[in-house]
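Undergrad: Protein chains in written order, with our numbering: chain A, 1 to 154; chain B, 155 to 308; chain C, 309 to 399; chain D, 400 to 490.
Structure in structure tokens, see below.
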Amino acid sequence: MAVRVSTSDFDISAEMARLTASDAGIGGVALFVGKVRDHAHGEALSELVLEHYPGMTEAELERIEAEAQRRFKLSASLVVHRVGTLKPGDNIVLVIACASHRQNAFAAAEFLMDYLKTRAPFWKKEVLENGQARWVDARESDDMAAAAWESEQG
Amino acid sequence: MAVRVSTSDFDISAEMARLTASDAGIGGVALFVGKVRDHAHGEALSELVLEHYPGMTEAELERIEAEAQRRFKLSASLVVHRVGTLKPGDNIVLVIACASHRQNAFAAAEFLMDYLKTRAPFWKKEVLENGQARWVDARESDDMAAAAWESEQG
Amino acid sequence: MTSAHDTSVVLRYFAWLREKTGLNEERITLPPGIATVGDLLRWQTTRGHPFDLAFAKPDAIRVALDHAHAKHATSISNAREIAFFPPVTGG
Amino acid sequence: MTSAHDTSVVLRYFAWLREKTGLNEERITLPPGIATVGDLLRWQTTRGHPFDLAFAKPDAIRVALDHAHAKHATSISNAREIAFFPPVTGG
Chain A
1 MAVRVSTSDF DISAEMARLT ASDAGIGGVA LFVGKVRDHA HGEALSELVL
51 EHYPGMTEAE LERIEAEAQR RFKLSASLVV HRVGTLKPGD NIVLVIACAS
101 HRQNAFAAAE FLMDYLKTRA PFWKKEVLEN GQARWVDARE SDDMAAAAWE
151 SEQG
Chain B
155 MAVRVSTSDF DISAEMARLT ASDAGIGGVA LFVGKVRDHA HGEALSELVL
205 EHYPGMTEAE LERIEAEAQR RFKLSASLVV HRVGTLKPGD NIVLVIACAS
255 HRQNAFAAAE FLMDYLKTRA PFWKKEVLEN GQARWVDARE SDDMAAAAWE
305 SEQG
Chain C
309 MTSAHDTSVV LRYFAWLREK TGLNEERITL PPGIATVGDL LRWQTTRGHP
359 FDLAFAKPDA IRVALDHAHA KHATSISNAR EIAFFPPVTG G
Chain D
400 MTSAHDTSVV LRYFAWLREK TGLNEERITL PPGIATVGDL LRWQTTRGHP
450 FDLAFAKPDA IRVALDHAHA KHATSISNAR EIAFFPPVTG G
């Protein structure tokens, strides 16, 4: 179980190898990688600047990860989130969930992403190629995705 | 879009980099890795032997991938499945689904796994440390997971 | 060489069907009257040892015609390669 | 040094709240009568420019007390660090 905030990129293969090395009871590993798209609302994107709240970010990610662990009986998990200035095509976030079987691994990875998107204190600012910059608005669909888990298993 | 049957291991980072290199509109990448567990029905596992049906395997995987592409508007996808003799901790299967947003990426990766498990002609034989060998039985839960997609969107 | 009038088919066996029949594949001309996959499975049980045992439970056996899954009611019509195997267990 | 009787709190601002207030953080002793997060948001609008504009839409603002999300009805009681930010957009 680990969370990390980083200005540098991550190596998915290395992270997964480290996470699964100690437990040969792991049968399924679900991963998610979020990437910077090259456009935003039809405009070409030049940069994505990620701000966060040091201290709270780690605390919140650890709470989310502990809840995923409790719900889905994970063997291991990892959340890495980048901050700073990113370019189109760059990786933003990596989530890995390891379980005995694939259903729990998939569900945990989705849960981690849904909660991270609505609770972890990160903010994105889009810098367009035309020079404009704007803070990204929160998506109502993300709130609904996270809320859907509330009504499931306690 | 690609499927591959291989006796050798895969490099997740390299496969993902290759898959996403050409399309900067990709915002979400869902991956799944299936691994050989070190036990089966409470017995220590020594080896897992994977047999397949060359020709049909590729044809079936391509059909499954095309259906995932159609349902989830994927930007790119990959299925790699290993065959031959594997050891506990070894990777068996890699599925990658790339889409604009995470929901379609996750759904497609789960769909690919559910269909692969019930339609792609692979068979597992477990060799236990006590010397016994037995063909793995198909799981009814896998059939139900695949059948659940049938009632969804055409 | 396979001529245009060759009515033989290749039968292939996988996993425990391969082990029980002792065959990876065989080229054979089917007797007349075998129209469906179900007919073919019943015919297999009439071939004596070891086919009678290998095909004793046809519901546990899956069949593919020319690399595509087929149901027991499917016509084998012009299939050139017919495969017999247990339910798949990959992934 | 912060004495045991120091009643000051650190207020922190992120994303567009940081830009609109022009502040990363400030140490401040709150006036009496501020019991809840909601009270605090209303008080911010009374501080004049640029706080009046930055806090004009309190429903668009999230608050954390000592690194934990808080609702507008939550008591600020003994919080030492209070953060103001828009809805999060990571991932």
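All residues carry an ideal CB built from backbone N, CA and C; glycine is no exception.
Since A:L156 sits in a beta bridge, which residues does DSSP pair it with?
TA: Given a span of 1 to 154 for chain A in the structure shown, any question on residue 156 of chain A remains unanswerable.
Undergrad: Which residues of the region 23 to 35 of chain A have a Cβ closer than 7 Å to any Cβ of chain B? Give them in chain order.
TA: Within the region 23 to 35 of chain A, the qualifying residues are A24, G25, I26, G27, G28, V29, A30, L31, F32, V33, G34, K35.
Undergrad: On a CA-only basis, which of C:T315, C:Y321, C:G346 is nearest C:K270? Give me that one, please.
TA: Nothing in the structure corresponds to residue 270 of chain C, since chain C is present only between 309 and 399.
Undergrad: Does the beta carbon of B:D192 come closer than 7 Å to any beta carbon on chain A?
TA: Interface residue, yes.
Undergrad: In chain order, what residues of the same chain have a beta carbon less than 8 Å from the beta carbon of B:K189, not counting five sequence neighbours either side?
TA: G243, D244, N245, I246.
Undergrad: Is any beta-carbon of chain C found at less than 7 Å from that of B:L270?
TA: Yes, B:L270 counts as interfacial toward chain C.
Undergrad: Among C:P394, C:A387, C:S383, which one has its Cα closest to the Cα of C:T344?
TA: Taking only the C-alpha atoms, the option nearest C:T344 is C:S383.
Undergrad: Would you be able to state if there are at least three C-beta pairs under 8 Å between the region 248 to 258 of chain B and the region 276 to 290 of chain B?
TA: As far as the Cβ criterion goes, the region 276 to 290 of chain B does not touch the region 248 to 258 of chain B, which means the pair count is below three.
Undergrad: Out of C:R388, C:L361, C:L348, state which residue places its alpha-carbon closest to the alpha-carbon of C:D374.
TA: The shortest C-alpha separation from C:D374 is found at C:R388.
Undergrad: For B:F276 versus C:V396, is the C-beta spacing smaller than 7 Å?
TA: Going by C-beta atoms, B:F276 is nearer than 7 Å to C:V396.
Undergrad: My output table needs one value for B:T211: the three-state DSSP class, helix, strand or coil.
TA: B:T211: helix per DSSP, three-state reduction.
Undergrad: Between the region 330 to 337 of chain C and the region 315 to 322 of chain C, can you find at least three pairs of beta-carbon atoms closer than 8 Å?
TA: Segments in contact, yes.
Undergrad: Specify the secondary structure class of A:A105 as computed by DSSP and reduced to three states.
TA: Three-state result, A:A105: helix.
Undergrad: What residues of chain D sit near A:V136, judged by a beta carbon separation below 8 Å?
TA: By Cβ distance, chain D contributes T488.
Undergrad: Keeping to the same chain, check which residues put their C-beta closer than 8 Å to that of B:R191; ignore five residues upstream and five downstream.
TA: Here the set comprises L199, P242.
Undergrad: So which residues of chain C does B:V247 contact, with C-beta pairs closer than 9 Å?
TA: Ordered by position in chain C, the residues that pass the 9 Å Cβ test against B:V247 are G398, G399.
Undergrad: For the region 57 to 72 of chain A, which residues have a CB atom closer than 7 Å to at least one CB atom of chain D, in sequence order?
TA: Listed by position, the residues of the region 57 to 72 of chain A near chain D (Cβ gap below 7 Å) are A59.
Undergrad: Taking just the CA atoms, how far does C:V318 sit from C:F359?
TA: Roughly 16 Å separates the two Cα atoms.
Undergrad: Can you find the residues in the same chain that come closer than 7 Å, C-beta to C-beta, to B:T239, ignoring five residues on each side of it along the sequence?
TA: Same-chain partners within the cutoff: E201, V203.
Undergrad: On the DSSP bridge list, what partners appear for C:K328?
TA: C:K328 pairs with nothing; no bridge assigned.
Undergrad: Return helix, strand or coil for C:I336, following the three-state DSSP convention.
TA: Three-state DSSP puts C:I336 in a strand.
Undergrad: With 16 as the cutoff for other CB atoms within 10 Å, does B:E219 come out buried or exposed?
TA: With 16 or more Cβ atoms within 10 Å of its Cβ, B:E219 is classed as buried.
Undergrad: Tell me whether B:H206 is buried or exposed, calling it buried when 16 or more other Cβ atoms sit within 10 Å of its Cβ.
TA: The residue is buried, with at least 16 neighbouring Cβ atoms inside 10 Å.
Undergrad: Looking at chain A, is there any beta carbon in it that lies within less than 7 Å of the beta carbon of B:M267?
TA: At least one chain A Cβ lies under 7 Å of B:M267.
Undergrad: Within its chain, find whatever has a CB closer than 8 Å to the CB of C:R370; leave out the 5 residues flanking it on each side and keep chain order.
TA: The answer, listed in chain order, is H377, F392, F393, P394, P395, V396.
Undergrad: Distance cutoff 7 Å, beta carbons only. Does B:E294 sit that close to anything in chain A?
TA: No - not a single Cβ of chain A is within 7 Å of the one on B:E294.
Undergrad: Which chain B residues are close to A:T20, counting only those with a beta carbon under 9 Å from its beta carbon?
TA: V187, K189, G243, listed in chain order.
Undergrad: Closer than 7 Å between beta carbons: that is the criterion. Which residues of the region 445 to 471 of chain D meet it against chain A?
TA: Listed in sequence order: A463, H466, H468.
Undergrad: Could you tell me which residues DSSP puts in a beta bridge with B:G188?
TA: Note: B:G188 sits in a beta bridge opposite A:G28, B:V247.
Undergrad: Once DSSP output is grouped into helix, strand and coil, what is the label at B:R225?
TA: Three-state result, B:R225: helix.
Undergrad: Looking at the structure shown, is C:K379 part of a helix, part of a strand, or coil, going by DSSP?
TA: If DSSP states are grouped into helix, strand and coil, C:K379 belongs with coil.
Undergrad: May I have the straight-line CA-CA distance separating A:F69 from B:F186, to the nearest angstrom?
TA: What sits at residue 69 of chain A in the sequence shown is Gln, not Phe. Their backbone Cα atoms lie some 18 Å apart in a straight line.
Undergrad: Compute the beta-carbon to beta-carbon distance between A:F111 and A:R71, rounded to the nearest angstrom, for a pair I have assumed lies under 8 Å.
TA: With 8 Å as the limit, A:F111 and A:R71 qualify as a contact, their Cβ atoms being about 7 Å apart.
Undergrad: Could one say the Cβ of A:D11 lies closer than 7 Å to chain B's Cβ atoms, at least one of them?
TA: It does; some Cβ of chain B falls within 7 Å.
Undergrad: By a C-beta neighbour count over all protein chains shown, 10 Å radius and 16 as the cutoff for buried, is B:K227 buried or exposed?
TA: B:K227 should be labelled exposed.
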